[in-house]
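Chains as they are written, first to last, in this note's numbering: chain A, 1 to 796; chain B, 1 to 53.
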């Protein structure tokens with residue numbers, strides 16, 4: 001079946017998609033749909049067409065957008081959304097996923113030209129946010145959102161506004177602390193130089209002066225910048241845990257006290273420059289570790305995906321009601337492209353529900369009157385009326401969130417290398433320090449104390465504390481470049497420790513859309529009609545795919561019809577005898593077609609060819625085949641098992657393939673693996689996987705657009721990066737090796753320092769050289785090694 | 001050489017002023033969005049009356 005291209009291929013002036021019809025045409029410009037055309041008209045009416053001069057086709061496709069914003073008139077909802085309101089002015093921050101280029105920026109900052117009620121609009125590009133200040137007497141929120149919608153920038157409005165919360169400035173003032181520490185470090189270093197170069201007898205008065213100024217400078221470093229370490233060490237001690245902050249806090253404290261004693265009592269230089277440098281580098285390590293993805297949220301649950309409000313029918317009038325107030329018995333109206341927020345019974349209308357958000361399966365499901373429709377489906381077609389049977393939080397899908405997996409604290413139990421090692425490190429450090437003290441004590445009390453403090457100073461695990469953040473930050477940015485976004489640096493280490501991989505099928509290892517049908521052979525229109533009439537009666541997914549492939553056609557009268565499970569259809573239509581199905585049914589024997597599912601067609605005894613169904617596995621699926629020798633691989637699918645044969649090579653044993661799994665079933669399966677002591681990585685995409693993603697040791701959500709909905713997880717992977725999964729896994733192990741190796745390096749430095757320290761003759765100069773030297777070595781080693789390994793794994 | 005006391009005092013005062021300026025900038029949100037202004041500067045202002053093609 002071939003379609004000849006009659007129209008010359010043109011692209012839409014607004015969004016750049018191909019124009020299929022020449023219908024939408026304004027001022028010599030071609031548009032692909034009414035939506036794109038109307039955006040252009042709005043902009044040209046406001047003389048804002050420079051929008052199109054900054055970038056080619058800056059707009060987004062507007063073909064399938066149909067939203068209502070009535071609910072933005074409800075005062076309850078509005079007050080939840082806005083940032084500030086006084087007598088005249090309202091300020092609101094809106095999240096607009098569509099912001100992607102300088103044209104977007106330009107247009108959104110010109111809103112006041114379209115409506116003078118808008119005083120001011122500002123874009124934050126990385127956060128994809130728009131801050132608008134407007135006069136609410138002349139314009140309400142609904143009008144503002146409709147205006148944005150009309151120009152193609154629909155804000156994503158959700159009551160669970162995590163994006164906003166996530167981007168709220170943190171209160172730890174890390175940048176300020178770094179500024180203070182850097183300021184003090186620089187000054188102290190300069191003032192210490194005279195001492196290191198040697199002061200003549202005549203200049204001895206300066207020595208005292210410099211010493212005291214240095215102490216003064218280190219005061220804010222210890223009390224303001226370093227406070228976090230003392231607090232953390234104390235909190236961990238109280239729960240009887242030795243974390244890395246304990247030796248760090250000990251080091252900082254000892255450095256400070258010893259410096260004061262040195263300066264005040266024995267007129268020595270003290271270790272203030274080491275102290276300031278230490279805190280400065282530690283804080284930088286903390287800063288590097290903190291990577292924020294402004295546009296991605298890892299904590300989304302069903303609330304950010306459901307609408308804010310739904311239209312409830314009361315006494316024949318529609319009224320928008322916030323979801324939280326939706327109760328059993330309410331009658332709701334769901335229009336085209338709206339999502340059903342709670343389990344409900346269909347009362348009126350033809351329901352064609354697309355459950356792709358829930359299951360990843362994009363085939364539309366037909367529902368009959370009186371049937372219960374589960375929450376999460378998206379209605380396509382006409383408006384339908386439903387009666388709510390369960391409140392939103394008690395619905396089939398959302399009750400998953402009541403599971404204990406969701407109430408658990410987010411931090412997964414597995415310890416990182418740093419946490420494991422710092423316990424032993426601290427103990428060893430204390431043993432050496434007290435050993436040195438006891439050794440010298442009988443001969444020379446002062447030397448004993450000097451040795452004791454020197455050990456604590458020199459062995460302060462600065463390099464150790466920095467190796468993890470710097471390695472992980474480098475690794476994170478490499479993953480980021482490959483479209484794989486991790487929630488935080490701990491995830492890399494969790495990934496290295498994984499021994500079991502569980503995958504969802506639809507949407508995860510297959511692409512969502514089902515356009516993989518191909519016809520091998522020639523069919524006349526009449527023959528196509530016959531096949532369509534036969535297949536349209538079947539609910540088997542393959543029949544549905546063939547129907548979709550053939551497109552809407554006229555049905556013909558069916559005189560006899562029978563379907564053989566797993567084989568195909570035999571039917572008599574309009575006097576023609578049809579056999580559609582597997583070789584077994586059509587030829588009477590099994591006809592092998594390499595690697596494809598083939599559906600053969602026999603009409604009136606004549607063989608006409610076959611439909612081949614390509615499984616739309618993601619690109620690079622074959623790369624996964626090697627993984628089952630290293631990892632235990634499992635498949636957890638909500639679907640039927642008709643692809644069992646194709647998937648078997650990837651998962652090793654038939655026992656590892658699990659079909660017909662419910663969302664709760666997936667969660668329980670992951671838990672049962674964990675109870676066997678497995679470290680489980682779950683890869684999924686839909687809301688139905690969210691329980692399993694949460695329960696697993698490492699949940700990865702696969703999505704084709706990171707701005708779209710993805711369930712809460714530890715990492716989000718762009719669909720295009722899926723083929724690199726084996727490399728990601730190997731690279732995560734590499735980075736852990738880098739950490740181990742850099743630990744050895746820092747240990748070497750510590751041993752060198754200790755050999756000076758135990759004699760009690762550690763000079764401030766040696767400490768001042770050793771500390772920054774080890775830090776610089778570690779930072780450069782980890783960064784270089786991580787990049788080198790990434791190159792080796794083809795990730796750079 | 002007592003001038004050193006004065007000089008160090010002066011340099012510290014200057015440095016503290018800069019540190020204070022940084023704190024002020026940080027607090028008033030000047031460093032919150034470091035990316036968008038780099039794009040904004042490339043967009044032209046245009047006269048309100050005559051639309052550009």
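Where a beta carbon is used, it is the ideal one built from N, C-alpha and C, also for glycine.
So within the region 543-568 of chain A, which uninterrupted beta strand (DSSP E) runs reach at least 3 residues, ignoring any that extend past its ends? 558-564
Beta-ladder partner(s) of residue 612 of chain A, from DSSP: Along the first chain, one-based indexing puts residue 612 of chain A at 612. Partner(s): A:518 and A:598.
Helix, strand or coil for residue 459 of chain A per DSSP? Against the first chain, residue 459 of chain A aligns to sequence position 459. Of the three classes helix, strand and coil, the one that applies to residue 459 of chain A here is coil, per DSSP.
Just to confirm my understanding: we take residue 30 of chain A, look at its own chain, exclude 5 residues before and 5 after, and list those with CB closer than 8 Å. What are they? Counting from 1 along the first chain, the entry for residue 30 of chain A is found at position 30. Contacts found: 10, 11, 12, 13, 19, 22 and 24.
Is any beta-carbon of chain A found at less than 8 Å from that of residue 7 of chain B? Sequence index remark: in the second chain, residue 7 of chain B carries index 7 (1-based). Judged by the 8 Å Cβ criterion, residue 7 of chain B is not in contact with chain A.
If you draw a straight line from the alpha carbon of residue 719 of chain A to that of residue 711 of chain A, how long is it in whole angstroms? For the purposes of this step, residue 719 of chain A is taken as residue 719 along the first chain, with counting starting at 1. For the purposes of this step, residue 711 of chain A is taken as residue 711 along the first chain, with counting starting at 1. Their backbone Cα atoms lie some 15 Å apart in a straight line.
Round the Cβ separation of residue 715 of chain A and residue 739 of chain A to the nearest angstrom and send it over; I've been treating them as touching at under 8 Å. Against the first chain, residue 715 of chain A aligns to sequence position 715. Against the first chain, residue 739 of chain A aligns to sequence position 739. So it is not a contact: roughly 19 Å between Cβ atoms.
Local Cβ density within 10 Å of residue 504 of chain A, reported as buried at 16 or more and exposed below that: The residue given as residue 504 of chain A occupies position 504 in the first chain. Residue 504 of chain A should be labelled buried.
Can you tell which of A:251, A:428 and A:75 has the C-alpha that lies nearest to the C-alpha of residue 454 of chain A? Counted from its first residue, the first chain places residue 454 of chain A at position 454. For residue 454 of chain A, the nearest C-alpha among the options comes from A:251.
Threshold first: 4 residues or longer. Then list the alpha helix (DSSP H) segments lying entirely within the region 649-737 of chain A, N to C. 663-675 and 690-695
Determine the burial state of residue 4 of chain B: buried for a count of at least 16 other Cβ atoms within 10 Å of its Cβ, exposed for fewer. Residue numbering aside, residue 4 of chain B sits at position 4 when the second chain is read from its first letter. Result: exposed.
Closer than 7 Å by beta-carbon distance: list the chain B residues that pair up with residue 175 of chain A, in chain order. The residue labelled residue 175 of chain A in the question sits at position 175 within the first chain. Within chain B, the residues near residue 175 of chain A are 26.
What are the residues of the region 8-24 of chain B that lie near chain A, defined by any Cβ-Cβ distance shorter than 9 Å? 8, 11, 12, 15, 16, 18, 19, 22 and 23
Which residues DSSP lists as bridging residue 387 of chain A, in chain order: Numbered from its first residue, the first chain carries residue 387 of chain A at position 387. Paired residue(s): A:331 and A:345.
Contact the region 764-783 of chain A vs the region 273-291 of chain A: 3+ CB pairs below 8 Å: yes
When burial is assigned at 16 or more other CB atoms within 10 Å of the CB, is residue 267 of chain A buried or exposed? As a working note, residue 267 of chain A is residue 267 in the first chain. Label assigned to residue 267 of chain A: exposed.
Mind listing the chain B neighbours of residue 105 of chain A? Cutoff is C-beta to C-beta under 9 Å, in chain order. Position 105 of the first chain, counted from the first residue, corresponds to residue 105 of chain A. Those within 9 Å of residue 105 of chain A in chain B are 36, 39, 40 and 43.
Output the distance between the C-alpha atoms of residue 337 of chain A and residue 379 of chain A, rounded to the nearest integer angstrom. Residue numbering aside, residue 337 of chain A sits at position 337 when the first chain is read from its first letter. Residue numbering aside, residue 379 of chain A sits at position 379 when the first chain is read from its first letter. One C-alpha to the other measures close to 5 Å.
What's the gap between the Cα of residue 756 of chain A and the Cα of residue 419 of chain A? Within the first chain, the letter at position 756 stands for residue 756 of chain A. Within the first chain, the letter at position 419 stands for residue 419 of chain A. Distance between the alpha carbons of residue 756 of chain A and residue 419 of chain A: 28 Å.
DSSP bridge partner residues for residue 320 of chain A (one or two, in chain order): For the purposes of this step, residue 320 of chain A is identified with residue 320 of the first chain, where counting begins at 1. Note: residue 320 of chain A sits in a beta bridge opposite A:311.
How far does the beta strand (DSSP E) with residue 230 of chain A in it extend, from its first residue to its last? The residue given as residue 230 of chain A occupies position 230 in the first chain. Per DSSP, residue 230 of chain A belongs to no beta strand (DSSP E); it is in the alpha helix (DSSP H), 227-238.
DSSP bridge partner residues for residue 258 of chain A (one or two, in chain order): As a first step, residue 258 of chain A must be located in the first chain, where it is residue number 258. Answer is none; residue 258 of chain A lacks a bridge partner.
Any 3 or more C-beta pairs closer than 8 Å across the region 238-249 of chain A and the region 147-159 of chain A: no
How would you call residue 689 of chain A, buried or exposed, if buried means at least 16 neighbouring beta carbons within 10 angstroms? Taking the first residue of the first chain as 1, we reach residue 689 of chain A at position 689. Result: buried.
Exposure of residue 205 of chain A, with buried meaning 16 or more beta-carbon neighbours within 10 Å: For the purposes of this step, residue 205 of chain A is taken as residue 205 along the first chain, with counting starting at 1. Exposed, since its Cβ has fewer than 16 Cβ neighbours within 10 Å.
To the nearest angstrom, how far is the alpha carbon of residue 545 of chain A from that of residue 531 of chain A? Position 545 of the first chain, counted from the first residue, corresponds to residue 545 of chain A. Position 531 of the first chain, counted from the first residue, corresponds to residue 531 of chain A. The straight-line gap from Cα to Cα measures roughly 12 Å.
Kindly list the residues whose CB is nearer than 6 Å to the CB of residue 259 of chain A, restricted to its own chain and excluding five residues on each side of it in sequence; keep chain order. Taking the first residue of the first chain as position 1, residue 259 of chain A is located at position 259. Only 270, 271 and 272 meet the Cβ criterion.
For the region 643-655 of chain A against the region 550-568 of chain A, do three or more pairs of beta-carbon atoms, one drawn from each stretch, fall closer than 8 Å, so that the two count as touching? no
Whole alpha helix (DSSP H) elements within the region 115-151 of chain A, 4-residue minimum: 141-150
Along the beta strand (DSSP E) that carries residue 501 of chain A, what are the first and last residues, could you check? The residue given as residue 501 of chain A occupies position 501 in the first chain. Taken as a continuous stretch (DSSP letters only), the beta strand (DSSP E) holding residue 501 of chain A covers 500-504.
Give me, in chain order, the residues of the same chain whose beta-carbon lies closer than 7 Å to that of residue 229 of chain A; leave out the 5 immediate sequence neighbours on both sides. As a first step, residue 229 of chain A must be located in the first chain, where it is residue number 229. Same-chain partners within the cutoff: 245, 248, 249 and 252.
Inter-stretch contact (C-beta, 8 Å, three-pair minimum) for the region 88-96 of chain A and the region 47-61 of chain A: no
Residue 40 of chain A, DSSP secondary structure in three states: Along the first chain, one-based indexing puts residue 40 of chain A at 40. The answer is helix: DSSP assigns residue 40 of chain A an H, G or I state.
Thinking residue 384 of chain A and residue 334 of chain A are a contact (beta carbons under 8 Å), I'd like their distance in whole angstroms, please. For the purposes of this step, residue 384 of chain A is taken as the residue at position 384 of the first chain. For the purposes of this step, residue 334 of chain A is taken as the residue at position 334 of the first chain. About 5 Å; that satisfies the 8 Å criterion.
Chain B beta carbons: is any one of them nearer than 8 Å to that of residue 163 of chain A? For this step, residue 163 of chain A is matched to residue 163 along the first chain. Confidence is the limiting factor: at residue 163 of chain A the pLDDT is only 47, short of 50, which leaves the residue's position unreliable, though a coordinate-based value still follows. No, residue 163 of chain A lies away from the interface with chain B (no Cβ there is under 8 Å from its Cβ).
When DSSP labels each residue in this structure, what does residue 224 of chain A get in the three-state scheme? In the first chain, the residue the question calls residue 224 of chain A occupies position 224. Of the three classes helix, strand and coil, the one that applies to residue 224 of chain A here is helix, per DSSP.
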